[in-house]
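Worksheet for the structure shown next.
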Amino acid sequence: MATTLITGGTVVSATGRTEADVLIDGETIAAVLAPGSHLLGTDLAASVDTVIDATGKYVIPGGIDAHTHMQLPFGGTEASDTFETGTRAAAWGGTTSIVDFAVQRYGERVQDGLAAWHEKAAGNCAIDYGFHQIIGGVDADALAAMPGLVDEGITSFKLFMAYPGVFYSDDAQVLKAMQVSRDTGMLTMMHAENGPVIDVLAAQLVEEGKTDPYFHGIARAWQMEEEATHRAIMIANLTGAPLYVVHVSAKQAVEQLAAARDRGQNVYGETCPQYLYLSLEEQLGASSDEWGAFEGAKWVCSTPLRSRAEGHQDHMWQALRTNDLQMVSTDHCPFCMKDQKELGRGDFRAIPNGIGSIEHRMDLMYQGVVTGRISLERWVELTSTTPARMFGMYGRKGVIQPGADGDIVVYDPNGHTSIGLGKTHHMNMDHSAWEGFEIDGHVDTVLSRGKVIVDDGAYLGAKGDGRFIKRGLSQYLV
Ligand code: URP
Ligand code: ZN
Ligand code: ZN
Ligand code: ZN
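full-length UniProt numbering applies: residue 1 is where the sequence shown begins, and numbers increase by one.
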């Protein structure tokens, strides 16, 4: 088994930073040592197979993106990243694990939905991967099948209060699924937007000729995110189910989550880079020579980008500081403009929903450190340690300690990354939602289970390096 020593760097965890060397034996971290340590009298650097010099750099646990949608059939098309292309792009960006969403729809068996996702991912991933289960059709069969998922390592499921006719669950269905969550300890993940109200508003806007992408953001009003978040929290309160609200974008929804946690409820939330940086006015309302006002389609996602004038973005950053929001995932769901987003020209309702960001999450969140919004330790916590704990992987993932998988990123704070320009990213998209973003910092070296898969601008991994992560129950709940 090959041995690797990462020397001279600053090892950063969720709780502190220290100058240390990291010894990896095969796929596993063997030791975290005082710099220049001799082990049993031998000079380590001289006796290992590979030495990685991390002088002046941060050594962090590999990123964990707990919300991705590779190859998701959605909006009359399919998300453009396959498990192969999407996980490779993740690796480039310092993410070494994803949790993707397997899909069950009305009339489908949950087990079949899960099997289909295993089929898509197996042998294709560059990094390790787990699954949540979307329950898009809550019926007696689905409810009966859900507890069996725990033994399969699927310990969380997602429900939708949005998308009537697609993945939507009404309140009665939410109640029944949450009762399973209470009984099994599985984490309920919620897309909290009032879909029926939003669909009426959207139809009325289109009727009035307001068909541009901008109106996607108007139809999906923050009031209907706040309302659904509150409703989900109260049904969780009634049942005793633990709740995790995905892609939170409205400051009023954050306040609902914070109030529930203050009451002692097991209620958590994630936000995504797009809700920290991008806005209704600047992106959804964008216009270009190439696309006119349809340019905004690049940023059509749900929940939508919010108004900067209303201050949602600053509020999301603040909530990350105060732990009113616990972590950051991408909701990576890429679609090309050509032939995909274009389906919604003349009617924003037909634009496939989703933004691709998997490659940029670690860099974008590091900018929070650069600008003084979050600490270095909080960066690691939001992007790796909490995702590992929240979704039952901690110990193996999310931490640099003996016995953990050798998933490690060497991050250069003095490096620089220009995003998007001239197709410098590796996601399977014909544009970038992050075009022109300049990043202070650079992912230098990425190890996945002890193997160097990215180094010095070269991809050294292979399709199929990634293995399925059989997750346990959440380690975050109180
Ligand atoms: O716009 C989004 N978020 N697309 C992916 C599906 C979902 O709701 O997470
Ligand atoms: Zn969603
Ligand atoms: Zn999603
Ligand atoms: Zn560099």
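Where is the CB? At the ideal position from N, CA and C, for every residue including glycine.
Quick caveat: nothing in here was measured; it's all calculated off a predicted structure.
Who are M186's beta bridge partners in DSSP? Answer by DSSP bridge pairing: none, since M186 is not bridged.
Minimum C-alpha distance to D324 - residue among G344, Y244, Q274 and H332: Y244
Give every residue of the same chain whose Cβ lies closer than 7 Å to the Cβ of Q283, excluding the five residues on either side of it in the sequence, and list them in chain order. G296, W299 and L305
Per-residue burial, K338 [other beta carbons within 10 Å of its own, 16 or more giving buried]: The residue is exposed, with fewer than 16 neighbouring Cβ atoms inside 10 Å.
Is C333 near A79, with beta carbons less than 7 Å apart? The answer is yes: Cβ separation under 7 Å.
Considering just the uninterrupted stretch of the beta strand (DSSP E) at I6, what are its terminal residues? For I6, the uninterrupted beta strand (DSSP E) run begins and ends at T3 to T7, by DSSP.
So within the region 98 to 126, which uninterrupted alpha helix (DSSP H) runs reach at least 4 residues, ignoring any that extend past its ends? Runs of the alpha helix (DSSP H) inside the region 98 to 126: 110 to 121.
Can you list, in chain order, the residues of its chain whose CB lies under 6 Å from that of residue 521, leaving out five sequence neighbours each side? A question about residue 521 goes unanswered here, because the residues of the chain that appear run from 1 up to 478.
Per-residue DSSP class, three states only, for L149: helix
In the DSSP output, which residue or residues are listed as bridge partners for Q133? Beta-bridge pairing links Q133 to A102 and F157.
Contained alpha helix (DSSP H) runs [length at least 4] in the region 304 to 356, N- to C-terminal order: 312 to 322
Out of T95, D141 and I127, which has the shortest C-alpha to C-alpha gap to Q111? The shortest C-alpha separation from Q111 is found at D141.
Going by the C-beta, is G354 closer than 6 Å to any heavy atom of ligand 1? The nearest non-hydrogen atom of ligand 1 is less than 6 Å from the C-beta of G354.
Check: D100 C-beta below 6 Å from any heavy atom of ligand 3: no
Tell me whether the beta-carbon of D81 lies closer than 7 Å to the beta-carbon of N428. In this structure, N428 lies closer than 7 Å to D81 by Cβ.
Mind checking which residues open and close the beta strand (DSSP E) that includes R231? Looking at the DSSP string, R231 is not in any beta strand (DSSP E); the run it does join, the alpha helix (DSSP H), is W222 to T239.
To the nearest angstrom, how far is the alpha carbon of Y129 from that of T371? If I take the Cα positions, the gap works out to 31 Å.
Using a 10 Å radius around the Cβ and a threshold of 16 neighbouring Cβ atoms, would you call N414 buried or exposed? exposed
Host alpha helix (DSSP H) of G368 (start-end): Taken as a continuous stretch (DSSP letters only), the alpha helix (DSSP H) holding G368 covers R361 to V370.
Measure the C-alpha to C-alpha separation of A219 and E227 and round it to an integer number of angstroms. 14 Å
Quick one: does the C-beta of H332 sit closer than 6 Å to a heavy atom of ligand 1? no
Pull up the distance between the alpha-carbon of A433 and that of I355, whole angstroms please. Rounded to the nearest angstrom, the two C-alpha atoms are 7 Å apart.
Indicate, with yes or no, if ligand 1 has a heavy atom lying under 6 Å from the CB of C301. yes
Determine, using beta-carbon pairs with one atom in the region 232 to 248 and one in the region 188 to 195, whether at least three such pairs fall under 8 Å. yes
Determine which residues share a DSSP beta bridge with T28 and list them. D25 and D405
When G63, I29 and D25 are compared against D49, the one with the closest alpha-carbon: Measuring C-alpha to C-alpha distances from D49 to each of G63, I29 and D25 identifies D25 as the nearest.
Short check: CB of S37 to CB of I64, under 7 Å? Contact: no.
Please determine if the region 248 to 266 and the region 367 to 381 are in contact, where contact requires at least 3 C-beta pairs separated by less than 8 Å. no
With distances taken Cα to Cα, identify the nearest neighbour of T214 among S307, I235 and A250. Contrary to the premise, residue 214 reads as Tyr rather than Thr in this sequence. Of the listed residues, the one whose Cα sits closest to Y214 is S307.
Inter-residue spacing [alpha-carbon to alpha-carbon] between D289 and T4: 51 Å
Nearest CA to the CA of A34: which residue from G436, V369, T7 and S47? T7
Please say whether Y275 and M390 have beta carbons closer to each other than 7 Å? The answer is no: Cβ separation not under 7 Å.
C-alpha distance - G311 paired with G346, whole-angstrom precision: Straight through space, the alpha carbons of G346 and G311 are spaced by roughly 30 Å.
If you measure from the CB of H69, is any heavy atom of ligand 2 nearer than 6 Å? no
Mind checking H315: buried by the 16 CB within 10 Å criterion, or exposed? buried
Measure the C-alpha to C-alpha separation of W291 and F437 and round it to an integer number of angstroms. 20 Å
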